[in-house]
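The sequence shown begins at 10 in the numbering used here and counts up one residue at a time.
Idealized CB from N, CA, C, for every residue including glycine.
Beneath this line is the structure, given in structure tokens, with notes to follow.
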Amino acid sequence: MPNKILAARTLYHKRMEDLTNAVKNRQSLDPLKLLRTQLLEVPVGQIFQPNRQGSVIAIEDGKTVEDAVQTMVSQRVVTVFVLDQKANLIAMITASQCMNAIAQHAGGDPVVKWATKISHLKCIDVTETIREALSKFSTTGHRRLVVIQGKNNIEGVLTVGGLLRWIGHGITNIENALS
């Protein structure tokens, strides 16, 4: 789904352009109000860029950690979801979890042994705001949130670093427009 990716990138750049225009076109600038309206109250869906392939990459339960690594390399992703025989999502494994397993000579272990169980993951809907995402990150201590749309549609993963980078770009745009 390359169009979905292009649309997400276009939306991201449009949001940054809107931010710059909002700062430049205001008569009396209130930086705190700008921060709130242009950064913190933005829905996650407007900044989140989905996986390159436009779909979630998953492997079946019973596969090994080495299989997960091969999937990550071939699909060029750092997160792989694990599905059971009925195609229900049961876990998520990251590249760092795979590296830990391989470092302990456990590459042949079942992927679910090293993956994060789905019950331990925190989710955020695409309609929730950046403020709510920051709140979830700070209160749970998680470094990743699974981005969902509706009940069962997984869009991908939002990381603390990705969110902070986006906020940093927004603040830089505000500073540049104010100077």
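Have a look at residue i and residue j and give me their C-alpha separation to the nearest angstrom.
i: Q158; j: Q47; result: 22 Å
i: K72; j: L187; result: 53 Å
i: K131; j: T88; result: 15 Å
i: K95; j: E184; result: 51 Å
i: L44; j: L98; result: 37 Å
i: R85; j: W175; result: 22 Å
i: E26; j: L167; result: 22 Å
i: E75; j: V51; result: 39 Å
i: G54; j: I163; result: 12 Å
Which of the three DSSP states, helix, strand or coil, is assigned to residue i?
i: Q158; result: strand
i: V51; result: coil
i: L43; result: helix
i: R152; result: coil
i: Q62; result: Reliability fails at Q62, whose pLDDT of 46 lies under 50, so the model's placement of it is uncertain and no value is given.
Sort out for me which residues DSSP pairs residue i with in a bridge.
i: D118; result: According to DSSP, D118 bridges with nothing at all.
Quick one: give me the first and last residue of the beta strand (DSSP E) that residue i is part of.
i: T80; result: Looking at the DSSP string, T80 is not in any beta strand (DSSP E); the run it does join, the alpha helix (DSSP H), is 74-84.
i: V169; result: From DSSP, V169 is part of no beta strand (DSSP E) but of the alpha helix (DSSP H) over 169-187.
i: V89; result: 88-92
i: A112; result: Run containing A112: none in the beta strand (DSSP E); it sits in the alpha helix (DSSP H), 104-112.
i: I127; result: Where I127 is concerned, there is no enclosing beta strand (DSSP E), given that its DSSP letter is neither H nor E.
i: A67; result: 67-69
In terms of residue numbering, what span does the alpha helix (DSSP H) encompassing residue i cover?
i: T143; result: Per the sequence shown, residue 143 should be read as Leu rather than Thr. Per DSSP, L143 belongs to the alpha helix (DSSP H) from 139-149.
Count the C-beta pairs between the stretch 69-81 and the stretch 101-114 that are closer than 8 Å, then say yes if the count reaches three, no if not. yes
Under 8 Å: do the stretch 133-140 and the stretch 111-125 share three or more Cβ pairs, one atom per stretch? no
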